Structure formats: structure tokens, C-alpha cells
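Please read the structure below before turning to the comments.
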Amino acid sequence: MDSLMLTTITTISVMWLVVGRAAANKTLNDAAELIMSTCNCTEHQELCRQSLAPYALLILDKPCHLAYVAVNVTLADAKNVSQYVRGLKANYTNNHNIAAALHDCAENLDGMVAEIQDSLNETRWLFANNSSQGKNNFEFHVSDLETWMSAALTDDDTCADELESLDEPLRSYVANGTSRIQSLVSNALALINSTYYGK
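For the sequence shown, UniProt numbering gives the first residue as 1, with consecutive numbering after it.
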């Protein structure tokens with residue numbers, strides 16, 4: 001292979017590398033901008049951007065994934081908080097009042113997790129079927145999705161009420177987790193409205 005051909009091949013390879021990198025950077029920028037604009041409809045925008053950022057490319061590729069990702073992120077956090085509260089309860093078996101408050105809170109959190117899981121199932125159905133099953137059927141499933149997420153918000157509030165009997169810093173430890181879940185659920189509801197109703 002002569003030096004001219006080798007130089008030409010090297011130059012073309014470098015050009016493709018530069019072009020490929022530029023395209024990748026543009027895609028990443030587009031994804032970041034999508035998350036920024038998408039989260040404008042939520043009450044807790046910084047948390048929204050933070051929680052959705054790892055999935056930006058997926059959402060950019062298929063915007064219909066937005067509601068699914070928002071609910072799935074909320075579910076993962078809710079499970080973690082529920083497990084954390086149950087773990088705390090095991091440490092206070094000798095204190096009836098604290099154990100009872102944590103037990104009641106954990107029960108509500110378990111209900112919340114189940115409701116968010118039902119919500120996730122609805123987003124899967126909506127993604128798979130879109131509006132192919134007819135407008136009325138589609139809107140019925142969107143309504144169910146909103147109902148489950150709203151119920152999850154209520155369960156989280158009830159758990160927070162149970163914490164009033166706890167002393168600091170234990171109350172704050174639990175409240176920080178439940179407050180985050182409440183914000184994620186609120187954001188997910190806003191994103192559901194944005195996805196399916198354009199609100």
C-alpha cells in the first residue's frame with residue numbers, strides 16, 4: 001500500500017470519527033434539551049430532570065416511553081423507601097409506639113407500591129396498544145393510570161401522617177424518603193397528562 005493511499009484512508013477514518021462524534025454529541029444535546037423542556041410541566045422540575053436524565057436517549061428515540069419511564073422511576077424509589085421503613089421497624093421491636101407507627105407507615109407504602117405497579121402495567125398497555133383499541137378504550141386506560149397514581153399519592157400522605165408520633169431524627173429520615181416519592185408521583189401525573197392529553 002503506497003503512502004498516498006494510506007494517508008487517504010487515515011484522513012477518511014478521522015473524518016468519519018469526527019462526524020460520528022459530532023452526531024453523537026448532537027443526539028445527547030437533543031436528549032438533554034428534551035428532558036429540560038419535558039420537565040417544565042412538572043412541579044418539581046429539578047427532581048424531574050435528575051430522575052429522567054439517565055433515560056434521555058430512550059425518551060428521545062420514542063417519546064411515548066415518557067410516561068412509562070416516569071412511573072418506573074417512581075416505582076423503584078417507592079420500593080426502596082418501603083424496604084427501608086420495614087428495616088427500621090425491625091430495629092424498634094422493643095419500642096411499641098415507634099414499631100406501630102413504622103408498621104402502619106410500611107403498610108401504606110406497600111399499598112402505594114402496589115398502586116404504582118398497577119400504573120406501570122397500564123403504561124405498558126398504552127404503549128403496546130396506543131389508540132389502536134379505540135378512543136374510548138384508550139381513554140379508559142389513561143383514566144385508570146391516573147387513578148392508580150392518585151391513590152399512591154394518598155397512601156404516601158397517610159404514611160406521612162403516621163410519622164407525626166416519631167421523634168427526631170427518625171421522623172426526618174423517613175419523611176425525606178416519603179417526600180421524594182410524593183414529588184415523583186406528582187411529577188409522573190404531570191407527565192402522564194402531558195403525554196396523553198398534551199396539557
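Yeah, the Cβ is synthetic: ideal placement off N, Cα and C, and Gly gets one too. If you're wondering where the values come from, they're calculated on a predicted model, not measured in any experiment.
Suppose contacts are defined by Cβ-Cβ distances below 9 Å. Is Glu115 in contact with Trp148 by that definition? If you check the CB distance, Glu115 and Trp148 come in under 9 Å.
In this structure, does DSSP put Val81 in helix, strand or coil? If DSSP states are grouped into helix, strand and coil, Val81 belongs with the helices.
8 Å contact criterion, which Asn72 and Leu120 should meet: CB distance rounded: The distance from the Cβ of Asn72 to that of Leu120 is about 6 Å, consistent with a contact at the 8 Å cut-off.
Return the CA-CA distance between residue 202 and Asp30, expressed in angstroms with no decimal places. Past the edges of the chain, shown from 1 to 199, lies residue 202, and the structure says nothing about it.
Which one of Gln45, Cys39, Glu33, Cys48 has the shortest CA to CA distance from Leu57? Residue Glu33 is the option with its Cα nearest to Leu57.
Stretch-stretch touch, CB-based, cutoff 8 Å, three pairs: the region 137 to 148 with the region 78 to 87: A contact is defined here as three or more CB-CB pairs under 8 Å, and the region 137 to 148 fails this definition with respect to the region 78 to 87.
Return the residue from the list Cys159, Phe138, Ala188 that minimises the CA-CA distance to Gly177. Distances from the alpha-carbon of Gly177 to those of Cys159, Phe138, Ala188 put Cys159 closest.
Run of the alpha helix (DSSP H) containing Ala99, from where it starts to where it stops: Element bounds for Ala99: 96 to 129.
Tell me which same chain residues have a C-beta within less than 8 Å of the C-beta of Ala22, skipping the five on either side of it? Residue placement at Ala22 is poorly supported in this model, since its pLDDT is 42, which falls under 50; the coordinates still yield a value, given next. Excluding residues within five positions, none has a Cβ falling inside 8 Å.
Taking Arg49 and Ile59 to be in contact with their CB atoms under 8 Å, please state how far apart those CB atoms are, rounded to whole angstroms. Under the criterion of beta carbons closer than 8 Å, Arg49 and Ile59 do not qualify as touching, at roughly 12 Å.
Can you tell me the Cα-Cα spacing of Ala190 and Leu52, whole angstroms? Rounded to whole angstroms, Ala190 to Leu52 spans 14 Å at the Cα level.
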